[in-house]
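Report on one structure; see the data block that follows.
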Amino acid sequence: MTDKILVSIITISLNEEANIALCLESLKRFDEVWLVDSNSTDRTREIAEEMGAKVVTFDWNRKYPKKKQWAFENLPFANKWVMLVDADEQVPDDLAQEIADTLKRDGDKHAGYFLGFNYFFAGRMLRHGQRIYKLALMQHAKTRWQEYDDLEVTVLGDNEMHYQPPVDGTTAVLDYRMVHEDKESLYHFFDRHNKYSDWESIVQYNGSYFRNEDAQPFLRRYLKPLFARLPFKPFIAFFFCYVVKMGFLDGRAGFDFAVSRGVHFWQIQMKHRELVRDRGPAKK
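Residue numbers (the numbering used here): 8 to 291.
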């Protein structure tokens, strides 16, 4: 029998019936899996319980902390290492083995690890146009959560969006990659990104997007705030995704995804201008 990997998994959910079984199946090697659920009305909780996850309910009071931060601060983890895995993500066997080997070899040498993603869009894996990294594996005691002044973005509810908590200590990057494959329809993809653009326009307007420390790899931590201030962002986003990152090699899915990136940043710009028009100049 393969030894369990001494990592506690946090997965958050709200009506993730289409994704949750694949996600949890990929996590069987890990010591414990917590599902923090926001009162799903589909079979998400039932499936998770059948597959051995520890299911807890999060009832948000519309104040901080939101869901992931609450989990970090309140769940009785059995392990010092915690890994954030979204319901539409999976941990392949090669990555699970790398995590086990790395933690056994390096112990507490680093406070966290960045993981890359194989991103699926419109049924195809994007090998070029969308290659992202995020801090997903971290030591619980060395992780810090920040408030983004985003409580007015009600469409996202209790979700922290995509900002990543910084850690106190060094970080490293693992070689193998997670899988991001949402089984929901494209309607849900665009609906979700419309909500994301609400969040980004608000936090850029109130200045917390630029003030807060966010765990980002390499040059991204410096380029992200710079990009947010550039003109012509929709065109730049499309060009970077489709040409610079060679998304054209991903075929039709690569083109469609690059267009969606341009539209996303166009939405952010439009909503930001609306905030300035209604409320006055943006905060620095």
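No residue lacks a Cβ here, since even glycine has one placed at the ideal position from N, Cα and C.
- Our two residues, Lys-202 and Val-14, have alpha carbons roughly 31 Å apart in a direct line.
- Per DSSP, Lys-11 is not a residue of any beta strand (DSSP E), being assigned neither H nor E.
- In this structure, Leu-142 is the residue among Ser-192, Tyr-216, Ala-260 and Leu-142 with its C-alpha nearest to the C-alpha of Trp-88.
- Within 10 angstroms of the beta-carbon of Arg-151 lie fewer than 16 other beta-carbons, which makes it exposed.
- With contact defined as three or more Cβ pairs closer than 8 Å, the stretch 249-261 and the stretch 111-123 are not in contact.
- At a Cβ-Cβ threshold of 7 Å, Ile-243 and Ala-107 do not count as neighbours.
- The Cβ atoms of Asp-44 and Asn-22 do not sit closer than 7 Å to each other.
- Looking at the DSSP output, Asn-125 shares a beta bridge with Val-186.
- Restricting attention to beta strand (DSSP E) runs no shorter than 3 residues, the stretch 101-161 encloses them at 119-128, 131-133 and 140-146, ordered along the chain.
- Met-185 places its beta carbon 7 Å or farther from that of Phe-128.
- The beta carbon of Val-210 sits closer than 6 Å to the beta carbons of Tyr-155, Asp-157 and Tyr-216 from its chain, once the five residues preceding and following it are set aside; these are given in chain order.
- Judged by beta-carbon spacing, Gln-274 lies within the 7 Å limit of Ser-204, meaning their Cβ atoms are closer than that value.
- Per DSSP, the unbroken alpha helix (DSSP H) holding Met-277 starts and ends at 258-286.
- With contacts defined as CB atoms closer than 7 Å, Ala-85 and Val-174 fail to qualify as a contacting pair.
- If you check the CB distance, Ser-20 and Gln-97 do not come in under 7 Å.
- Going by DSSP, Phe-245 is part of no beta strand (DSSP E) but of the alpha helix (DSSP H) stretching over 240-246.
- Here Lys-70 is exposed, its C-beta having fewer than 16 other C-beta atoms within 10 Å.
- Comparing C-alpha distances from Leu-237 to each of Met-168, Trp-206 and Phe-272 shows the shortest one belongs to Phe-272.
- Take the alpha-carbon of Asp-95 and the one of Cys-30: they are about 7 Å apart.
- Runs of the alpha helix (DSSP H) lying entirely within the stretch 16-95 and spanning at least 4 residues, in chain order: 27-32, 51-57 and 74-81.
- Approximately 23 Å separates the beta-carbon atoms of Val-180 and Phe-264; this is outside 8 Å, ruling out the contact.
- Annotation for Glu-167: no alpha helix (DSSP H) segment contains it, and DSSP assigns it neither H nor E.
- Under the 8 Å Cβ criterion, the stretch 159-168 counts as touching the stretch 69-83, having at least three qualifying pairs.
- The beta carbon of Glu-24 is closer than 6 Å to those of Asp-49, Arg-50 and Thr-51 in its chain, skipping five residues each way along the sequence.
- Its chain contains no residue whose beta carbon lies nearer than 7 Å to that of Phe-239 once the 5 sequence neighbours on both sides are disregarded.
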